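Contents: one structure, followed by commentary.
2 protein chains.
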Amino acid sequence: MPLRPRPGKRTGMADLPRPEARVPRGFQDKRARDLRAERRILEAVGRVYERYGFEPFDTGAFEYADALGKFLPDSDRPNEGVFALQDDDEQWMALRYDLTAPLARFAAQTWETLPKPFRRYAYGPVWRNEKPGPGRFREFIQCDADTVGSARPEADAEVIAMAAEGLEAAGLPADGFVIRINNRKLLNGLMDRAGVNDPGQRLAVLRAVDKLDRLGPEGVRLLLGEGRLDESGAFTKGAELGGEAAEAVLAFTAAGGGSRGETLDRLEAVVGGSDEGRAGLEELAAIGRALDAMGVSPERARVDPSVVRGLEYYTGAVFEAELLGEAAQRFGSVGGGGRYDDLVARFTGQQLPATGFSFGVSRLAAALRAAGAEAAGAERGPVVVVAFEQAGMAQYLRAAGELRAAGVAAEVYLGAAGMKAQLKYADRRGSPAAVILGSDELSGGTVTVKDLDLGRELAKGTGDNAAWREGRPGQVNAPRAELVATVQAIMARAAPGPGA
Amino acid sequence: MPLRPRPGKRTGMADLPRPEARVPRGFQDKRARDLRAERRILEAVGRVYERYGFEPFDTGAFEYADALGKFLPDSDRPNEGVFALQDDDEQWMALRYDLTAPLARFAAQTWETLPKPFRRYAYGPVWRNEKPGPGRFREFIQCDADTVGSARPEADAEVIAMAAEGLEAAGLPADGFVIRINNRKLLNGLMDRAGVNDPGQRLAVLRAVDKLDRLGPEGVRLLLGEGRLDESGAFTKGAELGGEAAEAVLAFTAAGGGSRGETLDRLEAVVGGSDEGRAGLEELAAIGRALDAMGVSPERARVDPSVVRGLEYYTGAVFEAELLGEAAQRFGSVGGGGRYDDLVARFTGQQLPATGFSFGVSRLAAALRAAGAEAAGAERGPVVVVAFEQAGMAQYLRAAGELRAAGVAAEVYLGAAGMKAQLKYADRRGSPAAVILGSDELSGGTVTVKDLDLGRELAKGTGDNAAWREGRPGQVNAPRAELVATVQAIMARAAPGPGA
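Just so you know, the sequences run in chain order A and B.
When you line the first sequence up against my numbering, it's residues 1 to 500, in that order.
When you line the second sequence up against my numbering, it's residues 1001 to 1500, in that order.
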């Protein structure tokens, strides 16, 4: 019985009202290429983090809204920016917007029973109910590592060293990024000295400095003063610092450069006059010594007072992983973190020191792709066994099974199309080879294997002309018993798959 | 400077109202042991699925509520049982309750551009807004594989063979489970002959038969007839079949046993008189031939007419993976699937044949644990470098770095406790060894490594008495340069970690 095309037939369901098949705004479907890239990153980074003694941990998607608090970046409004709903028992729940808030809740809940300090890493989706846009999603994968219960600067240094090693394991070249380190206490010390004590005003200063990369010193100067009118005509109110204080802040942010020690010396002159500033400098010096002991070079991790991080909850060291070179313009920061000693205290009233690093997995994957640092050849599809007629199906299935048993991904074509369309299908899947068991092959005890990579090369005019002249380019007829060996020989040519 | 304990101090946050740290009802935190077990399963199964040519795929957590439809098991009420909320633009969105509905939406949306048939596997959390209970969560991980666009019985057979291979790769013993196969068309044929044509009545028959495992033939007989009063006094209305029809259904469900061919012969006698019944028998026979060709034995996959699956949307073959032996009582089904040719038609009005298999990852992990089939030694913690004083920190960090560079997970203790508590911490982490660099070691250029596994054995009275008599059981002093080799030698003893 020849295979007959099976046109889609109308069903009883055709009479029901039909919903439109569409993805909710700000969400996305992920295909093999993106998923594989993200999984490779998470596996590589997870191996590094486990080697540092961090254990895997995960929480549910929901937290009670009161437990999440109002620590969203760029939002002072509780419960805005999250996906919230009311449970049957009237309690408000919200989808987690990061992996730090659930960790703080867990630490507060279970602290007595945990081995301390508690080191964990976590990865998974987080959700932000924000206005979606091109490349701006409302669901994305984060990967975090945190140490809870250690106030030591070595805990910050360890997170920094581990982040650097993790990013390199994920595929970033060693000279492709730098971790910039600062300490919130320095800026606090500076504001102490300048007499800026209002928490709202301090937060406004923080957020102004956080925009340095985007707006440059001129833009930040406006935001430190009266405010700034942007290109769209929108006005952002400023921190209302006096001119002298604003210049001191700008001078502070420009004090980076040179070795970790040189930067600290320059900063000593600016903030050494305040107790908090001195405490921050001591912490940075201790972090530097620990990084030296761990062999993390100053090129890899340097002190940079222009880094502040937008989040309100950081209390000490802050750090940001920045791409260097061409990718810097497009991607800039690929991750960051810092010390947040007060987050668990929201629940318990007792301070519990904590520090961590977080990065966006899709963003890093995009940066790796842009840098050409993606693993090659990963998008190989399965070998496709062409299906000619129903009567041959057992033969096709057996052939695919033999290939799989040898570790070669393989499938029988199970659609309703003819040979030409089947080869096109195999090509679109990125298959390295197609297996042909037609009537000639079956009766002769042979198998024909088409080298699809070679076919692709020939189609591009870059292939092996000798094979072309033979009249059957990239096609081998072999005894049936040599199927696996023939396919493996073709795959060993190791040509890359198609870009799609 | 000696390390001083750092008691939690009260912070400014202590004066704010404090939320209670608690997990939302029906959600759970997952620690290392469970996460590692789930990840091992997904990696093993993913490798098998990719070898069958299935590509990874994922969708967002949300779907529009109308796209999800009302295909929840045990629920005829649209949008009940899901977590739904209204988006800014007034559209209702709901968290996915399975991985099939999003696939159907995706297939309908992108069919024209997909390589066809489309084979994908997916895993991730799904959410059900149901009453939580002990061991009954509202969020759990599913893993699905589906072929969309093939009406061939070989596609069903491939999914069955792949599921069996996947479950075995995950750790189930080959004789520890069976895949039971049936076809909805048989029961439909039987009902044709019995004159049961009302869709509601047919669905009631389906759901009655689906309870066979739990209630036995007597309970199902009641549900096929007037209805059944359960132990709690609740009454479930029955399908209201006549006595003869009810007995025919029960006889049908009992027609399994013997080889796939023998069962089919017995079923021929029962349902062969109806067109739909005959079509179902032919499909089952073709599935059997394909399974034979793929080397799947009748012990591994057998025809069993008592399997129906509770979901309304199945249109042909259905299958269920059942544990055998002791685990069967506690876990029973660990996964299932079937053919659902009409699900995409909800969107397009055009039938698009599809078949797939799904299993619950946590449930399989629990079954593997109960069967003692969990990978051993997976819960090793990191080597812990004991921290005595701040001045030694660079030495401790260097030691941990050397171990990590050799691929050994290692960390410096960064809390504030003394040596005894640090060793207790290492023990709770399941550390194989503790590294001691005290003042004696540092001045003498040596390192002391404690074998914590041996310590645990000695504490249980099962250890090496010779070592015990030496006075320093499981403790080695070695030249500092031999740190890594000493730790590796101790770890090579390969004792299992603690159960915690």
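For every residue, glycine included, the Cβ atom is placed at its ideal position computed from N, Cα and C.
Computed from a prediction, not measured in an experiment: that's the story for all the values here.
- Between the alpha carbons of Val1307 of chain B and Ala1044 of chain B lies a gap of roughly 27 angstroms.
- From the beta-carbon of Gln1028 of chain B, the residues of chain A found nearer than 7 angstroms are Gly60.
- In the DSSP assignment, Phe106 of chain A falls within the unbroken alpha helix (DSSP H) covering 100 to 110.
- Under the Cβ criterion of 8 angstroms, Gly1356 of chain B is not counted among the residues facing chain A.
- Secondary structure of Arg302 of chain A (DSSP, three-state): strand.
- Nearest Cα to Gln488 of chain A within the set A:Pro217, A:Ala406, A:Arg138, A:Ile181: A:Ala406.
- Contact annotation: the segment 1130 to 1139 of chain B does not touch the segment 435 to 453 of chain A, with fewer than three C-beta pairs closer than 8 angstroms.
- Pairwise C-beta distances place the segment 1210 to 1217 of chain B out of contact with the segment 1382 to 1394 of chain B, as fewer than three of them are shorter than 8 angstroms.
- In this structure, DSSP gives Glu130 of chain A a state outside helix and strand, which the three-state scheme calls coil.
- Counting C-beta pairs with one atom in each stretch, the segment 275 to 293 of chain A and the segment 153 to 170 of chain A have three or more that are closer than 8 angstroms, which means they touch.
- In the pairwise beta carbon analysis, the segment 359 to 370 of chain A is classified as not touching the segment 1016 to 1032 of chain B: fewer than three pairs are separated by under 8 angstroms.
- For Gly261 of chain A, the uninterrupted alpha helix (DSSP H) run begins and ends at 260 to 271, by DSSP.
- In this model, Leu483 of chain A and Met1294 of chain B are separated by some 16 angstroms (Cα to Cα).
- The alpha-carbon of Ala1164 of chain B is positioned some 20 angstroms away from that of Arg1330 of chain B.
- Among the residues of the segment 289 to 315 of chain A, those with a Cβ less than 8 angstroms away from any Cβ of chain B are Arg289, Ala290, Asp292, Ala293, Met294, Gly295, in the order of the chain.
- One finds Arg1018, Pro1019, Glu1020, Ala1021 in chain B with Cβ atoms closer than 9 angstroms to the Cβ of Phe347 of chain A, taken in chain order.
- Arg207 of chain A sits away from Glu322 of chain A, with the two beta carbons spaced by 8 angstroms or more.
- Take Met491 of chain A, set aside five residues on each side of it, and the residues of its chain with a beta-carbon closer than 6 angstroms to its own are Pro432, in chain order.
- Note that the C-beta distance between Phe1118 of chain B and Ala1108 of chain B is not below 8 angstroms.
- In terms of CA proximity to Gly325 of chain A, A:Pro173 leads the group A:Glu402, A:Lys460, A:Pro173.
- Counting the other CB atoms within 10 Å of its CB gives Leu229 of chain A a total below 16, which places it among the exposed residues.
- For the segment 1093 to 1115 of chain B, the residues whose beta carbon sits under 7 angstroms from a beta carbon of chain A are, in order, Met1093, Arg1105, Phe1106, Ala1108, Gln1109, Pro1115.
- In this structure, DSSP gives Leu224 of chain A a helical state, which the three-state scheme calls helix.
- Taking 8 angstroms as the threshold, the shortest C-beta distance from Val196 of chain A to chain B does not fall below it.
- Gly1200 of chain B has its alpha-carbon roughly 15 angstroms from the corresponding atom of Gly1242 of chain B.
- Taking a Cβ-Cβ threshold of 8 angstroms, the residues of chain B close to Phe57 of chain A are Asp1029, Lys1030, Arg1031, Ala1032, Leu1035, in chain order.
- Rounded to the nearest whole angstrom, the C-alpha separation of Val23 of chain A and Glu63 of chain A is 25 angstroms.
- Ala354 of chain A and Ala151 of chain A have their C-alpha atoms roughly 7 angstroms apart.
- Taking a Cβ-Cβ threshold of 9 angstroms, the residues of chain B close to Asp66 of chain A are Pro1017, Pro1019, Glu1020, in chain order.
- Contact between the segment 1250 to 1259 of chain B and the segment 1113 to 1129 of chain B is absent, with fewer than three C-beta pairs closer than 8 angstroms.
- For Phe319 of chain A, no CB of chain B lies under 8 angstroms from its own CB, so it is not counted at the interface with that chain.
- Within chain A, the residues placing a beta-carbon under 7 angstroms from that of Pro1382 of chain B are Gly53, ordered along the chain.
- Pairwise C-beta distances place the segment 1120 to 1127 of chain B in contact with the segment 1041 to 1059 of chain B, as three or more of them are shorter than 8 angstroms.
- About 5 angstroms separates the CB atoms of Ala1317 of chain B and Asn1183 of chain B; that is less than 8 angstroms, so the two are in contact.
- Assignment of beta-bridge partners to Thr355 of chain A by DSSP yields A:Thr147, A:Arg339.
- Rounded to whole angstroms, Gly1444 of chain B and Asp1451 of chain B show a C-alpha spacing of 21 angstroms.
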